[in-house]
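Chemist: Protein chains in written order, with this note's numbering: chain C, 2 to 770; chain D, 2 to 158.
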């Protein structure tokens, strides 16, 4: 079933991509199929102890496997991911106009993203998780940059990609260290680890989670990602992608609980993000940005709770994760609907929508109340659990963490109040903004999520059960905790009511103060500047290294190869060296040397080519003398083709070499001598230090038995060392394709000039210093 | 570049072609037991194509086709053994009795070599194509020094 559902995602993604143009907006219905199926299947595992595992060894030599495991936790997460995904698809049908372009592309990437996310939460091996993690980065990049002609969206998408991809690299490094320290890559077999490797892994994995889950200072990509169409924001930036980091921290936390850095670093990330996010939410006037910053803040709270790491805190984090996924997706949908129906998201320009959009208002109110943590919504017991978890701390930690969490909660209530008042408050109708008619496809998913928010409070027993069984997967001691509809007058309840009161007052005050525009995205511009700078440095390096001078490339290669011969100098055993086996060799070597020297001094190009040919044929003669017929044959043929090639090529060049400067001449001589000496030294060194028996004897024996041939050389080529030959074939093909593309390009350009009435001959670049 | 206009060269190349092809085939099949093999056979075929191109008997074309066919053969040959659980690039040796010739032994190495032949031929053709060898031949109609004279001058505008 796991494989069936995952392949369903692949099929749906491919179908919508191929038939997108014909399907138009209906592609979104196709996209919803795998999501709905996955959500339904997940529902059967939620809250139960059943476990399904499946997988295969991918790279057995490196112990890399593809493993999936469906348990109460991964099923709950996939229920959220796929369920909200299906609702988002329905919502998107209403959001986009019937004539919207690129719907196939949109549906296809959305499905691919959703599938990647499902794979991520089901993964039971760090490598599987990593693979899907990267897949979500790429697909979300495509989704954020969906309006690919809009420079704002493109910059935002690039920023999101660079930050999350950098996090991906960090994650890879972290996982390598983690597997090294713990000895297992299987997530369900995690045991606590300590030591310096574990510490390094903890830091790296936390940073990776922070990039994905938009923790300060990596949060800068999230508000920018609001350039995406609202369905994307509702999906990626509420329920799914930004939760990936949180999920990672949750499942891997048991391993790092005992390292020293885990808790302080996680708390720092989380609390800083929570406060900074909620302040950000109070400063903006774009309703979507307010929600985006609110998400940043909530993610901070989640990371902080998971970093505390007590069973109670983990339980609270899971409860908030569920509640947040539901209400935040709904609120994004509400903002999207307001945007579509009124044409603006600016809370200064909106007012009195509770009259003109009553259903939407009801949903917004319910979900806003849930976000603020007020009954009768799911957000209330979840927030309650969080405050209780923080109360479990002691000493300075209690005051610091508790203070910040309470402060953050006050701000959360405040920005919720400000948002709701801004959009729906005040009874004045908006004179200059007509409200277009209701779109059922948009309203329906909102209502479903709104009902879920209230229904979760009503059926709190079931929700408790579901969240508890999920939490127990990573934190077995959490089975004693529950969510309460009415906790009684506990400290937590009184605190939370004070928080709500404070937040309401603050929010109402701030809602009165008219802020004309939100703050400039300074963090984002710093990130962009860094990214641009990186590009500039890379370009500068590339220009320096890829200078385009063929002789210099050759010289560089030759010098580097030459230095590789240095270690052989000590290996040469002069006693073993002798001049020749038979005299013919001496004559041939003399020919080779004189021809080689001649090749450097000849002034005409054709002459040089011919002299080089003489070198080659003399070498072939040398092979005859040694008794290597295979080499002779090949050498002769190669030489022939090379000579022909030279002749053809020379037709396009001046007949004589250009006169060289003195420096260039000296350099050329030095490089030639260097490579000559290097090859001689390497050969002499290698020949005088044979390491054991020459393998040729074994090879000769096995050639007849296994390779089925008497020619050892060819059996080596096609059987024993066939992999090398395969590599060489690939090299040949690469060279051929290179020749074809380079020369085609040149010829097309020549034809273009021809068409313009100019000279057809493109002067050959003579790159000589 | 007088090849095009020299009937002797053209005739000689035409006479050599079948012989060279035979030798290439021989070198390919002999390769397993005697000097030769796919690379040598490919170069021989390449040399034939070079000669024929220079003599104006053919155009260097289909380089990509040769490369693709060779690549597919070699790639298939490499991966195929894995399909029935053998290691990458494993070879199968076949031998059977053929009347007149006696015992004939061959193996999947021959197929591998055929792929190598195609790739080498493809490379040579790509080289000829890249150097625009056929246009050099065309210039042979006006035997002039291509470096100093604008050979397009006489062309109708």
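Ideal Cβ placement from N, Cα and C applies to all residues, glycine included. Keep in mind that this is a model prediction, so the values were computed, not measured.
For residue 123/D and chain C, any beta-carbon pair shorter than 7 Å?
Modeler: Yes, contact with chain C.
Chemist: For residue 113/D, is the classification buried or exposed, using 16 other Cβ atoms within 10 angstroms of its Cβ as the cut-off for buried?
Modeler: That one is buried.
Chemist: Is it a yes or a no for the segment 121-132 of chain D touching the segment 646-666 of chain C, going by three-plus beta-carbon pairs under 8 Å?
Modeler: Taking 8 Å as the limit for Cβ pairs, the verdict is that the segment 646-666 of chain C does touch the segment 121-132 of chain D.
Chemist: Quick check: what's the CA-CA separation for residue 726/C versus residue 685/C?
Modeler: Going by the C-alpha atoms only, they are around 26 Å apart.
Chemist: Counting contacts by CB-CB distance shorter than 7 Å, is residue 740/C in contact with chain D?
Modeler: For residue 740/C, the answer is yes, since a Cβ of chain D falls inside 7 Å of its Cβ.
Chemist: Just verifying my parser: in three-state terms, what is the DSSP assignment at residue 181/C?
Modeler: It is helical.
Chemist: Using DSSP bridges, identify the partner residues of residue 737/C.
Modeler: The partner list for residue 737/C (beta bridge, DSSP) is empty, contrary to what the question assumes.
Chemist: What does residue 30/D touch in chain C if you count any residue whose Cβ is under 9 Å from its own?
Modeler: By Cβ distance, chain C contributes nothing, its closest Cβ being about 11 Å from residue 30/D, past 9 Å.
Chemist: On the three-pair Cβ rule with 8 Å, is the segment 123-137 of chain C touching the segment 61-79 of chain C?
Modeler: As far as the Cβ criterion goes, the segment 123-137 of chain C touches the segment 61-79 of chain C, which means the pair count is three or higher.
Chemist: Flag residue 57/D as yes if its beta-carbon sits less than 7 Å from any beta-carbon of chain C, otherwise no.
Modeler: No, because no Cβ of chain C sits closer than 7 Å to the Cβ of residue 57/D.
Chemist: Just to check my reading of the structure: residue 57/C and residue 65/C have Cβ atoms closer than 8 Å, yes? What is that Cβ distance to the nearest angstrom?
Modeler: Rounded, the Cβ-Cβ distance is 11 Å, inconsistent with contact.
Chemist: Can you tell me where the beta strand (DSSP E) with residue 333/C in it begins and where it stops?
Modeler: From DSSP, residue 333/C is part of no beta strand (DSSP E) but of the alpha helix (DSSP H) over 312-343.
Chemist: Over what stretch of residues does the beta strand (DSSP E) that includes residue 70/C continue unbroken?
Modeler: Unbroken beta strand (DSSP E) run through residue 70/C: 65-71.
Chemist: Give the C-beta separation of residue 160/C and residue 221/C to the nearest angstrom, bearing in mind that I take them to be a contact with Cβ-Cβ under 8 Å.
Modeler: Their Cβ separation, rounded to whole angstroms, is 7 Å, which keeps residue 160/C and residue 221/C in contact under 8 Å.
Chemist: For a cutoff of 7 Å on Cβ pairs, would you count residue 646/C as touching chain D?
Modeler: Yes, residue 646/C counts as interfacial toward chain D.
Chemist: Out of curiosity, what's the CA-to-CA distance linking residue 119/C and residue 82/C?
Modeler: For residue 119/C and residue 82/C, the distance between alpha carbons rounds to 7 Å.
Chemist: Let me see if you follow: with CB-CB separation under 7 Å, is residue 143/D close to chain C or not?
Modeler: Caution applies to residue 143/D, whose pLDDT of 44 falls short of 50 and renders its modelled position unreliable; the model cannot decide the point.
Chemist: Which residues in the same chain as residue 157/D place their Cβ atom closer than 6 Å to its Cβ, once the five residues preceding and following it in sequence are excluded?
Modeler: Confidence is the limiting factor: at residue 157/D the pLDDT is only 44, short of 50, which leaves the residue's position unreliable and the question unanswerable from this model.
Chemist: Determine the direct distance from the alpha carbon of residue 731/C to that of residue 94/C, and round the result to whole angstroms.
Modeler: Computed Cα separation, rounded: 48 Å.
Chemist: Considering only residues of the same chain and omitting the five flanking positions on each side of residue 3/C, which have a CB-CB separation below 6 Å?
Modeler: These residues qualify, in order along the chain: 55 and 69.
Chemist: Which value, in whole angstroms, describes the spacing of the CA atoms of residue 33/C and residue 51/C?
Modeler: Distance between the alpha carbons of residue 33/C and residue 51/C is about 26 Å.
Chemist: Distance check for residue 203/C and residue 258/C, CA to CA, integer angstroms please.
Modeler: Residue 258/C and residue 203/C: Cα-Cα distance of roughly 9 Å.
Chemist: Just reading off the beta strand (DSSP E) that residue 56/C is part of, what are its end residues?
Modeler: Segment 53-60, the beta strand (DSSP E) holding residue 56/C.
Chemist: Return the residues of the segment 655-669 of chain C that lie within a Cβ-Cβ distance of less than 7 Å from chain D, sorted by chain order.
Modeler: Within the segment 655-669 of chain C, the residues whose Cβ lies closer than 7 Å to some Cβ of chain D are 655 and 656, listed in chain order.
Chemist: Ignoring anything shorter than 4 residues, give me the alpha helix (DSSP H) runs that lie fully in the segment 256-290 of chain C, in order along the chain.
Modeler: DSSP runs (the alpha helix (DSSP H)) wholly in the segment 256-290 of chain C: 263-284.
Chemist: If we ignore side chains and look at the alpha-carbon of each, how far apart do residue 150/C and residue 208/C end up?
Modeler: Taking the straight line from one Cα to the other gives about 32 Å.
Chemist: Please list the partners that residue 48/D has in chain C, where partner means a Cβ-to-Cβ separation under 8 Å.
Modeler: Per Cβ cutoff of 8 Å: 638, 641, 642 and 645.
Chemist: At the 7 Å Cβ level, is residue 767/C part of the contact set with chain D, yes or no?
Modeler: At residue 767/C, the pLDDT of 37 sits below 50, so the modelled position is not reliable and the matter cannot be decided from this model.
Chemist: Using a cut-off of 7 Å between C-beta atoms, extract the partners of residue 40/D located in chain C.
Modeler: Simply 635.
Chemist: Residue 605/C by DSSP, collapsed to three states: which one?
Modeler: In the structure shown, residue 605/C sits in a strand (DSSP, three-state: E or B).
Chemist: Looking at C-alpha atoms only, which residue of 268/C, 483/C and 301/C is the closest neighbour of residue 1/C?
Modeler: This structure gives no information on residue 1/C, because the portion of chain C shown stretches from 2 to 770.
Chemist: The alpha helix (DSSP H) that contains residue 35/C, what's its start and end?
Modeler: 28-44 is the span of the alpha helix (DSSP H), which, as asked, contains residue 35/C.
Chemist: Starting from residue 730/C, find everything on chain D with Cβ-Cβ shorter than 8 Å and list it in chain order.
Modeler: 71, 72, 75, 116, 117 and 120, listed in chain order.
Chemist: Compare the beta carbon distance of residue 331/C and residue 451/C with 7 Å and say whether it is the shorter of the two.
Modeler: Yes, Cβ-Cβ distance for residue 331/C and residue 451/C is below 7 Å.
Chemist: Are at least three pairs of beta-carbons, each pair with one atom in the segment 186-201 of chain C and one in the segment 136-147 of chain C, less than 8 Å apart?
Modeler: Contact between the segment 186-201 of chain C and the segment 136-147 of chain C is absent, because fewer than three Cβ pairs lie under 8 Å.
Chemist: To the nearest angstrom, how far is it from the Cα of residue 597/C to the Cα of residue 39/D?
Modeler: Taking the straight line joining both Cα atoms gives about 30 Å.
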